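Going line by line, the protein sequences match chains A and B.
By the working numbering, the letter at position 435 of the first sequence is numbered 435, and the numbering carries on one by one without gaps.
Every position in the second sequence, counted from 1, becomes a number in the working numbering once 474 is added.
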Amino acid sequence: MRSIQRQLTVKVVAASIALSLAAGIALFLAVRWALIAHEDHALLNEAQAITGMVHRIPNGKLEFEFTPANLPDFQSARSAGFLQIRQTDGTVLARSPSLRDPVNFTPPPSTSHVHWNVTLGPNRPGRAVQFEFIPEYDDDGLPIDNVRPSSWPPEKPLIMWLARDRAPLHETLNIVATWLIATTTAFALLTTLAVALTVRRGLHPLRQFSVNLSEIDVNSLDESLPLEGLPEELEPIARRTNELLARLNAAFRRERRFTADVAHELRTPVAELRSLAEVALKWPDGPQTGGDYRDVLAIARQMERLIVTLLGLARAQADRITPAREAIELCATLRSTFEPLKAVAQQRQLTLRWELPEHAVITSDTAIVQSIARNLVENAVEYTTPGGRVQIIVEKGAGRITLIITNETSSLTSADVTHLFEPFWRKDAARVASNHTGVGLALVAAYAKLTNAHIQATQPARDLLRIAVTWLGA
Amino acid sequence: MRVLLIEDSERLQRSIGAGLRKAGYAVDIAGNGNEGLWHAQGTPYDVIILDLMLPGLDGLSVLSQLREAGKTTHVLILTARDTIDDRVRGLQSGADDYLIKPFAFDELLARVQALLRRAHGVKQPSIIIGSLKIDLSGRTVSRDNVSIDLAPREFALLEYLALRQGSVVSRTQIESHIYDSQAEPSSNVVDAAIYALRKRIDPPGAASFIQTRRGMGYILKPFEPQ
């Protein structure tokens, strides 16, 4: 698994080491260049100084004052200095005793003065300079006022090759390189340690964030991650996580409430069934009445209705139903839906007002439309105030057909209307309406969504509930 | 023993009511909270079985109002609400027991019997009066280890007298605890019931376990041979 801490540490340490190596190399090259430049400059100065030891005397000959006292470093092969004076035609005029093998003293193309590397012997590198000069006349050889007569032939320049052993320079460079390597290595080690500690400390809020998150489980989803003290990089993540936790919590609560509601809806019929059976078994000689069997049948039907409705709701909400596209006569569906409820409506002394067009054909799934119509009409008939009015209207508009069911009710508030389509929501906390599962309107809403119909519940007046379902493209 | 069942499910009213009656209890039934409170305040029930989710007045409100009115009748809550919060709230509101639906009828019966014993300060499941042994749990009676068959209402009468053994119990008390609102006892129904019970439990030719206190009522006490 990838570790941010490890990756950050490795990358920062690698970058630091690469940068320090580059800096060390650059520094070494700069020092080397500076030392060589300094040596070249010193070599040139020395060459210029040596020119003062070469004089031309009145007879035109040259005089070299290369005595051991003047050139102590040029006396043997082990000496550090090497010197050769030659003419432009290559004739060697003088050389230091230290220079025994002039072949190794190969100069570059001629210029006024230039430096180059030479080999002064086995494993003995050196640095040389070529310097052109015209020797001065000896004071005694010049005419009056030390002015050279113009009638004299022009002077030919002489070339001096001066070389020095580079061992001291190499030693210095070796010391510099050793220090640089040691410094870079120490820097790399310290950098690794410092980076590891810094990254570890820098990632502490992330670890704490992880600990806080791991402490939240299914039973503590109502908790949220603390935002105080979080670095600004983590704060948006914590906020998004808290929002996600809130959504999860709401979903879990919905799920738990739904499960509890289902269990609760089943508790009473199961209790009825069990109590009925146990009493009958405990006193088997007692009279078994038709009422007992009717109770058992009614309980079975009630539980069956609940299960069927719940399955329908689950399938609709999970989009596991593929609705058909059929032409459905909505008005005929409504009339046939009301037929079995006519007796209940009469018993409850309801006044029904129908406003149906001659034809209202919608394109949808027949079973789904029948379920929507049955649930809405049943609810209106059963929940309307006794003696109240129910209005069933079908409106045809441009490309749409709307079913509007309005009924009188004395118990609903505007706040209740927002809960109407929630599963198991009932105005009556006692859930005494045993003919209803409490899932009917939730199923209607799920079916409407599945078939792209629009459903809306409103309260046009204090004692009225209006539910409208609109099918588009009719 | 008279029990009030406050339950909105008609099917549970029927089955629990029938079962309790067969077990020898007088049972009154109320289908909503207001009716239940009215019954509970007006009649000296031995035990009240109370549902919580009731139309009208909910069960906890019934219980609170009952306790505020000074009624100490033992109350068993019988509900589908199963959370610990619900149980704690119910017991803290003054209930004596809590049973969750669905339930075993035998357990309901046992809990009702336990509440009855508690109401009369009896901890043993059986009461012995001389040679007479009354098993309150098994609903059986024996004399000198010989079982005596009693009708449910006869057993209820004996149980009521036994729980108050040594105390005089008036005819009115017997009427109100042994007969529910469905029964229409005639003026001498208690005397007739006592007469029938004596015939069942008393040894032939001996003084009766149940003695009459003229103008006051009846008292159940151990048989003392002359």
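Heads up, the beta-carbon is just placed ideally off N, CA and C, and yes, glycines get one too.
Just so it is clear, the structure is predicted and the values come from calculations on it, not from any experiment.
Pull up the DSSP beta-bridge partners for residue i, would you.
i: valine 620 of chain B; result: B:Arg617
i: asparagine 117 of chain A; result: A:Arg127
i: aspartate 502 of chain B; result: B:Leu478
i: lysine 396 of chain A; result: A:Ile401
i: tryptophan 471 of chain A; result: A:Ile401
i: glycine 81 of chain A; result: A:Arg164
i: aspartate 571 of chain B; result: B:Leu550
i: glutamine 87 of chain A; result: A:Leu158
i: lysine 431 of chain B; result: Since the first residue shown for chain B is 475 and the last is 700, residue 431 of chain B is missing from the structure and cannot be characterised.
i: leucine 352 of chain A; result: A:Val390
i: leucine 540 of chain B; result: DSSP output for leucine 540 of chain B lists no bridge partner at all.
i: glutamine 456 of chain A; result: A:Ala468
i: valine 54 of chain A; result: A:Phe64
i: arginine 485 of chain B; result: In DSSP, arginine 485 of chain B forms no bridge with anything.
i: aspartate 329 of chain A; result: Residue 329 of chain A is actually glutamate in this sequence, not aspartate. Glutamate 329 of chain A is bridged to A:Val361.
i: glutamate 132 of chain A; result: A:Ile159
i: glutamate 408 of chain A; result: A:Leu464
i: leucine 524 of chain B; result: B:Ile480, B:Ile551
Contact check, residue i vs residue j under 8 Å by CB: the rounded distance?
i: phenylalanine 131 of chain A; j: leucine 44 of chain A; result: 7 Å
i: alanine 196 of chain A; j: threonine 9 of chain A; result: 5 Å
i: isoleucine 574 of chain B; j: valine 536 of chain B; result: At roughly 18 Å, the Cβ-Cβ gap does not stay under 8 Å, so isoleucine 574 of chain B and valine 536 of chain B are not in contact.
i: serine 276 of chain A; j: serine 538 of chain B; result: According to the sequence displayed, residue 276 of chain A carries leucine and not serine. Between serine 538 of chain B and leucine 276 of chain A the Cβ distance is about 31 Å, and since that is not below 8 Å, they are no contact.
i: isoleucine 481 of chain A; j: valine 54 of chain A; result: Any property of residue 481 of chain A remains undetermined from this structure, which presents chain A solely from 1 to 474.
i: glycine 564 of chain B; j: leucine 534 of chain B; result: 7 Å
i: aspartate 647 of chain B; j: isoleucine 601 of chain B; result: Residue identity differs from the one stated: residue 647 of chain B is glutamine in this sequence, not aspartate. About 18 Å separates the two Cβ atoms, so there is no contact after all.
i: threonine 614 of chain B; j: serine 621 of chain B; result: 6 Å
i: glycine 473 of chain A; j: glycine 399 of chain A; result: 6 Å
i: tyrosine 572 of chain B; j: isoleucine 558 of chain B; result: Contact flag wrong, Cβ pair sits at about 10 Å.
i: leucine 227 of chain A; j: glutamate 235 of chain A; result: 6 Å
i: histidine 513 of chain B; j: alanine 504 of chain B; result: 5 Å
i: alanine 468 of chain A; j: threonine 402 of chain A; result: 6 Å
i: alanine 30 of chain A; j: aspartate 165 of chain A; result: The pair is not a contact, with the Cβ atoms about 23 Å apart (cut-off 8 Å).
i: threonine 333 of chain A; j: valine 369 of chain A; result: 6 Å
i: aspartate 570 of chain B; j: histidine 651 of chain B; result: About 18 Å separates the two Cβ atoms, so there is no contact after all.
i: isoleucine 675 of chain B; j: leucine 631 of chain B; result: Going by Cβ atoms, the distance from isoleucine 675 of chain B to leucine 631 of chain B rounds to 10 Å, so no, they are not a contact pair.
i: leucine 511 of chain B; j: leucine 531 of chain B; result: 6 Å
i: alanine 318 of chain A; j: valine 361 of chain A; result: Not a contact, Cβ separation roughly 29 Å.
On the criterion of 16 or more Cβ atoms from any shown chain inside 10 Å, does residue i qualify as buried, or is it exposed?
i: glycine 507 of chain B; result: buried
i: serine 611 of chain B; result: exposed
i: aspartate 292 of chain A; result: buried
i: serine 98 of chain A; result: buried
i: valine 586 of chain B; result: buried
i: arginine 240 of chain A; result: exposed
i: threonine 470 of chain A; result: buried
i: isoleucine 175 of chain A; result: exposed
i: histidine 38 of chain A; result: exposed
i: glutamate 171 of chain A; result: exposed
i: glutamine 700 of chain B; result: Confidence at glutamine 700 of chain B is low in this model, with a pLDDT of 49, below 50, so its placement is unreliable and no value can be given for it.
i: glycine 440 of chain A; result: buried
i: threonine 337 of chain A; result: buried
i: asparagine 117 of chain A; result: exposed
i: isoleucine 325 of chain A; result: The amino acid at residue 325 of chain A is misidentified as isoleucine; the sequence shows arginine. Arginine 325 of chain A is exposed by the Cβ-count criterion.
i: serine 483 of chain B; result: buried
i: proline 68 of chain A; result: exposed
Hey, is residue i close to the ligand PLP, as in C-beta under 7 Å from one of its heavy atoms?
i: glycine 568 of chain B; result: With respect to small molecules bound, the structure shown includes none, and the ligand PLP cannot be examined in it.
Fill in: Positions along the segment 560-580 of chain B whose CB lies within less than 9 Å of some CB in chain A
Answer in chain order: Ile574, Lys575, Pro576, Phe577, Ala578, Phe579, Asp580.
Worksheet entry | Completely contained beta strand (DSSP E) runs for the segment 624-691 of chain B, where each covers 3 or more residues | The beta strand (DSSP E) runs of length 3 or more contained entirely in the segment 624-691 of chain B are, from start to end of the chain, 684-687.
Practice prompt. Please specify which runs of the alpha helix (DSSP H), each continuous and at least 4 residues long, are wholly inside the segment 169-256 of chain A, giving them in chain order.
Written response: List check, alpha helix (DSSP H) in window: 204-214.
Item to complete: Would you list, in chain order, the members of the segment 364-384 of chain A that have their beta-carbon closer than 9 Å to a beta-carbon of chain B?
Response: Within the segment 364-384 of chain A, no residue qualifies.
Worksheet item: Name the residues in the segment 252-280 of chain A whose C-beta lies less than 7 Å from a C-beta of chain B; which are they?
Response: Along the segment 252-280 of chain A, the positions whose C-beta sits under 7 Å from a C-beta of chain B are His264, Arg267, Thr268, Val270, Ala271, Glu272, Arg274, Ser275, Leu276, Glu278, Val279, read in chain order.
Worksheet item: Which residues, taken in chain order from the segment 293-313 of chain A, show a beta carbon closer than 8 Å to some beta carbon of chain B?
Response: Taking 8 Å as the Cβ-Cβ cut-off, the segment 293-313 of chain A approaches chain B at Asp295, Ala298, Ile299, given in chain order.
Worksheet entry | chain A contacts made by the segment 543-557 of chain B, where a contact means CB separation under 7 Å | Ala554: these are the residues of the segment 543-557 of chain B whose beta carbon lies less than 7 Å from some beta carbon of chain A, given in chain order.
Discussion item. By the 7 Å beta-carbon criterion, what residues does the segment 489-504 of chain B contribute toward chain A?
Written reply: Listed by position, the residues of the segment 489-504 of chain B near chain A (Cβ gap below 7 Å) are Ser489, Ile490, Ala492, Gly493, Lys496.
Practice prompt. Compile a chain-ordered list of the residues in the segment 476-488 of chain B whose CB is closer than 9 Å to at least one CB of chain A.
Written response: Correct list: Asp482, Ser483, Glu484, Arg485, Leu486, Arg488.
Fill in: Members of the segment 331-360 of chain A near chain B, C-beta cut-off 7 Å
For the segment 331-360 of chain A, there are no residues whose beta carbon sits under 7 Å from a beta carbon of chain B.
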